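Residue numbers (this note's numbering), protein chains in the order written: chain A, 1 to 334; chain B, 1001 to 1334.
2 protein chains.
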Amino acid sequence: MDNSYATTDQPASSTDTQLVTLDDIRAAANRIQDLVLRTPIVALPHPDRPTDVLHLKAESLQPTGAFKLRGAYNTISQVLDESRDLGIIAQSSGNHARAVAWLAKRLDLHAVIVMPDAAPPTKVAAVRALGAEVVLVPASQRDSHTFELAAEHGYVEVPPYDDLRIIAGQGTVGLELIEQLPDVDVVLVPISGGGLISGISTAIKALRPEVQVIGVEPELAADAAESLREQRRITWDTALTYRTVADGLRTPAVGIHPWEHIRRYVDDVVTVSEEQILAAVRHIAVEGRLVAEPSGAVATAAWMHDLAPRGAKVAAIVSGGSVAPALLAKLLTS
Amino acid sequence: MDNSYATTDQPASSTDTQLVTLDDIRAAANRIQDLVLRTPIVALPHPDRPTDVLHLKAESLQPTGAFKLRGAYNTISQVLDESRDLGIIAQSSGNHARAVAWLAKRLDLHAVIVMPDAAPPTKVAAVRALGAEVVLVPASQRDSHTFELAAEHGYVEVPPYDDLRIIAGQGTVGLELIEQLPDVDVVLVPISGGGLISGISTAIKALRPEVQVIGVEPELAADAAESLREQRRITWDTALTYRTVADGLRTPAVGIHPWEHIRRYVDDVVTVSEEQILAAVRHIAVEGRLVAEPSGAVATAAWMHDLAPRGAKVAAIVSGGSVAPALLAKLLTS
């Protein structure tokens, strides 16, 4: 299946390629430690083989319900003076938005959040409740509208993933994981814009190059899997990616910076079905006692369906927990 | 209201009174660290005042879904040779049972678990799945039946709460809490047999005597609240305590050893209604992204309903997460 409609944006020359380093990630860890939770590793037994256990890194327990707080805070803390003077702006399908709004409230900054009009009402409401100004636009205009507002008002932009500061911040997940599980063999990571897996794979390959880092996407938004297979950054049509229930993973392509990290450091990208994603949300709640959103459950879904080698010590990132209560209720009774 | 039918068992003389010390709890922390999770502190916003945050100590994330693993492991690790030779026995409404069965599997011991026939099927099934032998008896015969089986077969008993090793193990929750939240003002703790609050209050009053430790019970199983008010250990009828949805808190009286700790170290015991408990389970899932069982949610319920002083920095122990999926589903759609 070829869902691509364009190949895009290789850096103009090799000198354009910038990569985050382990030192960048360590510096980020220092910058963010006062507001970011060192999330626990929670044991999840396999549904069919109870002695086989997955190690969940529960980023869903961050104060804003997702890992996004790490990159956002690492970025904002480096532009704090301008942000105070001018305000900040961010665009996101939800979790990055909530992280930026939460930080703005904590740090006393004016925040404008551009969200797709199809974002789940739970996520929009959560951002508004934090006091941020929300601007709803069609998904395809998120980038352009954010750019225009920033240009017009001078807001400092906090990008969702295509930024080295963001990648370094998300990389702190990998740093913690290696400290918490030094003998891990395989790490499964959800991919949307690619910031999370870029940071994690950078940290892990620097510290433990033999550990496998595997990305996971919904079959219905598998642009990164296709990109890695084709060895070029491929963009899917937004209408295609919006078919998946995993609303945090509908980004049509990984970012330019993330792609440079993914093609170097990520061993494989696998895909899971909608049914597998929903079964994972249920299993994480019942046996892991964690509320995960569908996007946060794809890595667990991959493990449940044997997409990581059996017998290996496997960790999965539960990237976020903002699921609609009605959906979780439906899964719990299924 | 006086639901008591007996006052019981003050120690025969003051020399009978044994109390756990901070050193006992520190020793327990060393013994149990290889298998017990240092649980995170998770931020939970108040339903009506979003900037007001409760700090949840998420014991529900232990590998067996509850704090019980701490005391059970601290006990078993001190009688490991006999346990290997003779097997172990425990009685419990669920979470202690599961902890003992899990440890038995990990440590390769034969385990017999005596459970009340009214225990939730989820909890019974979880114990059986771990390979333990389950004996179901009427709730009122739990103690006597366990004693008889232990006498007959020579099993080593792992008591649920009325034991200094158990109390010291549960106290490690308090040790961690003070390290994680050094400026906490109030700690809310569920009370059933009283092992958890005994250990926590011992640790906290030793380290930070000015911190308030407040016990929480369901109104329908408020024997400890009545005991503290009356300054004597009061036992409720089992038929009364079995009315509450909080199935882990139906113990008719705190234990003899726990009572000696509670009367010295616990500042107050408050009660919550069934409705408040269920609302807390829902709120913890939606805003805290943690699955809590009703028993695990009573401390949060107390905070939600202003039973801790406003403006104070408050922590609540989420003691367990083994809720029936159908009940959680119902609450999520309510």
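Every residue, glycine too, gets a C-beta built ideally from N, C-alpha and C.
Remember, it's a predicted structure, so these values are computed and weren't measured experimentally.
Measuring CA to CA, which of the options is closest to residue i?
{"i": "A/Ser-273", "options": "A/His-305, A/Gly-248 and A/His-261", "result": "A/His-305"}
{"i": "A/Asp-34", "options": "A/Pro-63, A/Ile-214 and A/Ala-206", "result": "A/Pro-63"}
{"i": "B/Leu-1327", "options": "B/Val-1291, B/Arg-1263 and B/Thr-1172", "result": "B/Val-1291"}
{"i": "A/Glu-210", "options": "A/Pro-190, A/Tyr-265, A/Glu-157 and A/Ala-239", "result": "A/Tyr-265"}
{"i": "A/Leu-37", "options": "A/Pro-45, A/His-46 and A/Lys-68", "result": "A/Lys-68"}
{"i": "B/Thr-1146", "options": "B/Pro-1116, B/Pro-1121 and B/Pro-1120", "result": "B/Pro-1116"}
{"i": "B/Thr-1122", "options": "B/Asp-1247, B/Ala-1315, B/Gly-1169 and B/Val-1213", "result": "B/Asp-1247"}
{"i": "B/Val-1351", "options": "B/Ala-1104, B/Leu-1149 and B/Arg-1142", "result": "Outside the shown range of chain B, which is 1001 to 1334, sits residue 1351 of chain B, and nothing can be said about it."}
{"i": "A/Ile-200", "options": "A/Leu-307, A/Ser-319, A/Leu-61 and A/Pro-47", "result": "A/Ser-319"}
{"i": "A/Pro-138", "options": "A/Ser-92, A/Val-158, A/Asp-24 and A/Gly-311", "result": "A/Ser-92"}
{"i": "B/Leu-1175", "options": "B/Gly-1296, B/Asp-1108, B/Tyr-1161 and B/Ile-1197", "result": "B/Ile-1197"}
{"i": "B/Ile-1025", "options": "B/His-1110, B/Lys-1205, B/Gly-1094 and B/Ser-1140", "result": "B/Lys-1205"}
{"i": "B/Asp-1163", "options": "B/Glu-1287, B/Ala-1090, B/Ala-1129 and B/Ala-1132", "result": "B/Ala-1090"}
{"i": "B/Val-1270", "options": "B/Ser-1192, B/Arg-1208, B/Lys-1330 and B/Thr-1202", "result": "B/Ser-1192"}
{"i": "B/Trp-1259", "options": "B/Asp-1267, B/Arg-1232 and B/Thr-1244", "result": "B/Arg-1232"}
{"i": "A/Tyr-242", "options": "A/Glu-217, A/Arg-229 and A/His-261", "result": "A/Glu-217"}
{"i": "A/Ala-336", "options": "A/Leu-54, A/Ala-203 and A/Glu-133", "result": "Only positions 1 to 334 of chain A appear in this structure, which leaves residue 336 of chain A out of reach."}
{"i": "B/His-1096", "options": "B/Gly-1321, B/Thr-1333 and B/Ser-1334", "result": "B/Gly-1321"}
{"i": "A/Arg-106", "options": "A/Gly-131, A/Ala-203 and A/Ala-118", "result": "A/Gly-131"}
{"i": "A/Asp-52", "options": "A/Val-314, A/Pro-159 and A/Pro-325", "result": "A/Val-314"}
{"i": "B/Leu-1249", "options": "B/Arg-1310, B/Leu-1332, B/Gly-1171 and B/Val-1189", "result": "B/Val-1189"}
Along chain A, in chain order, which residues have C-beta atoms closer than 7 Å to that of residue i?
{"i": "B/Arg-1289", "result": "Ser-60, Leu-61, Gly-65, Leu-290, Val-291 and Gly-321"}
{"i": "B/Val-1286", "result": "Pro-325"}
Should residue i be listed as close to the ligand NAD, given that the test is whether its C-beta is under 7 Å from any heavy atom?
{"i": "A/Pro-182", "result": "Of ligands this structure carries none, so the ligand NAD is not represented either."}
Residue i by DSSP, collapsed to three states: which one?
{"i": "A/Glu-293", "result": "coil"}
{"i": "B/Ala-1151", "result": "helix"}
{"i": "A/Ile-197", "result": "helix"}
{"i": "B/Glu-1313", "result": "This sequence places Lys at residue 1313 of chain B; Glu is not what is there. DSSP places B/Lys-1313 in coil when its eight states are reduced to three."}
{"i": "A/Leu-22", "result": "helix"}
{"i": "A/Ile-41", "result": "strand"}
{"i": "B/Leu-1054", "result": "strand"}
{"i": "A/Gly-321", "result": "coil"}
{"i": "B/Leu-1188", "result": "strand"}
{"i": "A/Ala-308", "result": "coil"}
{"i": "B/Val-1298", "result": "helix"}
{"i": "A/Asp-2", "result": "No answer about A/Asp-2 holds up, because its pLDDT of 42 lies below 50 and its placement is not dependable."}
{"i": "B/Pro-1011", "result": "The pLDDT assigned to B/Pro-1011 is 42, lower than 50, so where the model puts this residue is not dependable; a value taken from the coordinates is nonetheless given after this. B/Pro-1011 falls in the coil class under three-state DSSP."}
Using a Cβ cut-off of 8 Å, pull out every chain B residue sitting near residue i, in sequence order please.
{"i": "A/Thr-39", "result": "Pro-1040"}
Can you name the residues of chain A whose CB is closer than 8 Å to the CB of residue i?
{"i": "B/Thr-1333", "result": "Pro-325, Ala-326 and Ala-329"}
Going along chain A in order, which residues have a C-beta closer than 9 Å to the C-beta of residue i?
{"i": "B/Pro-1050", "result": "Ala-129 and Leu-130"}
Given that residue i touches chain B, what residues does it touch there, using C-beta distances under 7 Å?
{"i": "A/Ala-43", "result": "Pro-1063"}
Closest Cβ-Cβ distance between residue i and chain D: below 8 Å?
{"i": "A/Gly-171", "result": "In the structure shown, chain D cannot be found, because the protein chains are A and B."}
Practice item. Identify every run of the beta strand (DSSP E) within the stretch 1066-1103 of chain B, keeping only runs that are complete inside it and at least 3 residues long; order them along the chain. Key: 1088-1091
Practice item. Please go through the stretch 201-286 of chain A and give each complete beta strand (DSSP E) segment of 3 or more residues, from N-terminal end onward. Key: 212-218, 234-236 and 268-272
Practice item. Decide if the stretch 1247-1260 of chain B is in contact with the stretch 1205-1224 of chain B; the criterion is three or more beta carbon pairs, one per stretch, under 8 Å apart. Key: yes
Practice item. Evaluate contact between the stretch 1071-1089 of chain B and the stretch 1038-1046 of chain B, counting only Cβ atoms and requiring at least three cross-stretch pairs below 8 Å. Key: no
Practice item. Run through the stretch 114-177 of chain A for me and flag every whole beta strand (DSSP E) of 3 or more residues, listed as ranges in chain order. Key: 133-137
Review point. Counting pairs of beta carbons, one from the stretch 1299-1314 of chain B and one from the stretch 1270-1284 of chain B, are three or more of them closer than 8 Å?
Key: yes
Check your understanding: Would the stretch 171-183 of chain A and the stretch 149-161 of chain A be scored as touching if the rule is three or more Cβ pairs under 8 Å?
Key -> no
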